[in-house]
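Scroll down for the structure; my scribbles are underneath it.
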Amino acid sequence: NSGIDTVGVLTQYQPLELNAYIGSGAPWDLDLSNGGVFVLPPYQKGKVGEWYRGTANAIYQNMAFIEQYNPDYVLILSGDHIYKMDYNAMLNFHIRHGADATIAVRPVPWEEASRFGIMNTDADDNITEFEEKPKNPKSNKASMGVYIFTWEKLRKYLTDDEADKKSSNDFGKNIIPTMLADKQVMCAYNFEGYWKDVGTIESLWEANMDLLETPMPVDLHDKKWRIYARNPGLAPHYIAKGAVVEDSLVTEGCEVFGTVKHSVIFAGVTIEEGANVQDSVVMPGSVIKRGAVVRRAIVSENAVVGAGSFVGEETGNIAVVGQGITVPAGVKVAAGVQVDETTTY
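Residue numbers (the numbering used here): 47 to 391.
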């Protein structure tokens, strides 16, 4: 939607599914002969690979990829945030202010400001100070982890940071504070739309529940700003006679014979007769067997919740059934429990 035609995706942990999902980039019109989307794992040195040591090191290891396009500006994003932003508007702001770095910020409630990296600014949106989770914040402008850098400047600071053996090689801990200390021109770009960091189980569940609000905070039906995704190409979903579906998103390929309330059901899920799913997220290919009850839970891909079992509770932390896991029939999984291959019943 912002007209970006060259994208690098930095992967580290279990990248196979992400690689398969991105593919050639066709769903995003990024299957290009000049530019496109590239998955960039950590650089391999000889026979031994080296993990990305921090966010700055991840960019440093891929400087050659960036250099081949000879860019004036580089946009750096976190991969676990949900929001809709026109990056062209942010880039125009960056150029207009003659900035070396521009950081997107959004106002957060003052009582929550101490949980975030906070930008203190002057009247012209110049960043005067950056505080990481301050006890007594002077501002409520929280960093969104969305950066635009003038590439020539960033290249220098990445190189210097890599040479510092004491550095954590992190944008928030090292690059940003060093540029501020050196009096580089750094600006805050104010953003007031919906934004969600889904880096935790709770926030991922909350983001899915947000989609059930009226109106949706992220409008999936906005024809002027489409949400692009890879289509699994399944048949339409089927709601059986006697099934109950209320206040839920049910995607293609699903078969619902039981009850689904206030939940998000991903593609290819089966909810058997007598099963009851509420306030939950069920990911692709999973099966909720006859008589099973799922409350305030995330059921991961290709999992099976056995007949008559209980997963989660109406209150408490989110229960999780891991990818490909089968919960045996008649088992109770308490609130906050994460079921994986090591779980004993």
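Glycine included, C-beta positions come from ideal geometry on N, C-alpha and C.
Helix or strand or just coil, what does DSSP make of aspartate 386?
-> coil
The stretch 307-317 contacting the stretch 274-290, beta-carbon criterion three pairs below 8 Å = Flag = yes, the stretch 307-317 and the stretch 274-290 touch.
Is lysine 93 helix, strand or coil by DSSP?
-> Legend: pLDDT at lysine 93 = 44, less than 50; position of this residue unreliable, no value from coordinates given.
Measure from the alpha carbon of valine 366 to the alpha carbon of each residue in Ile247, Asp325, Asp170 and Ala375, then state which is nearest.
-> Ile247
Kindly give me the distance between the Cβ atoms of isoleucine 194 and glutamate 177, rounded to whole angstroms, as I take these residues to be in contact under 8 Å.
-> Taking 8 Å as the upper bound for CB-CB distance, isoleucine 194 and glutamate 177 are not in contact here, some 21 Å apart.
Could you check what DSSP says for lysine 378 in three-state terms: helix, strand or coil?
-> Residue state, collapsed to three classes: strand.
Beta carbon of glutamine 324, beta carbon of serine 309: below 8 Å?
-> yes
Are valine 340 and valine 357 touching if we call contact CB-CB under 8 Å?
-> yes
When DSSP builds the beta bridges, which residues end up paired with serine 189?
-> Val151
Residue from Lys378, Glu298, Gly144 and Val306 with nearest C-alpha to valine 290 | If you compare the alpha carbons of Lys378, Glu298, Gly144 and Val306 with that of valine 290, the shortest gap goes to Val306.
Is threonine 101 buried or exposed, if buried means 16 or more other CB atoms sit within 10 Å of its CB?
-> buried
When the Cα of threonine 196 is compared with those of Glu259, Ile112, Lys130 and Ser189, which residue comes out closest?
-> Ile112
Smallest Cα separation from glycine 352: which of Gly376, Ile364 and Gly362?
-> Gly376
C-beta contact flag for glycine 81 and aspartate 118 at 8 Å | no
Enclosing beta strand (DSSP E) for leucine 123 [first to last residue] | 119-123
Measuring CA to CA, which of Ile173, Ala159 and Ser213 is closest to alanine 188?
-> It is Ala159 whose Cα lies nearest to the Cα of alanine 188.
Relative to the C-alpha of alanine 145, which residue among Val120, Met255, Pro180 and Gly337 is closest?
-> Val120
Once you ignore the five residues that flank leucine 62 on each side, which residues in its own chain have a CB closer than 8 Å to its CB?
-> none
How would you call alanine 234, buried or exposed, if buried means at least 16 neighbouring beta carbons within 10 angstroms?
-> Result: buried.
In three-state terms, what does DSSP make of proline 278?
-> coil
What is the C-beta distance between asparagine 65 and valine 85, in whole angstroms, given that I count them as a contact (C-beta under 8 Å)?
-> Separation of the CB atoms of asparagine 65 and valine 85 is rounded to 5 Å, and the pair is thereby assigned contact status at 8 Å.
Kindly indicate which three-state DSSP category alanine 313 falls into: helix, strand or coil?
-> coil
Contact belief for arginine 99 with tryptophan 241 at Cβ below 8 Å, rounded distance in angstroms | In fact, because the Cβ distance is near 27 Å, the residues do not count as touching under 8 Å.
Output the boundary residues of the beta strand (DSSP E) element that contains isoleucine 222.
-> According to the DSSP assignment, isoleucine 222 belongs to no beta strand (DSSP E) but to the alpha helix (DSSP H) extending over 222-227.
Glycine 337 beta carbon less than 8 Å from that of alanine 321 = yes
Cβ-Cβ separation, lysine 184 to asparagine 172 (assumed contact under 8 Å), whole Å = That belief does not hold up - the Cβ atoms of asparagine 172 and lysine 184 are roughly 15 Å apart, past 8 Å.
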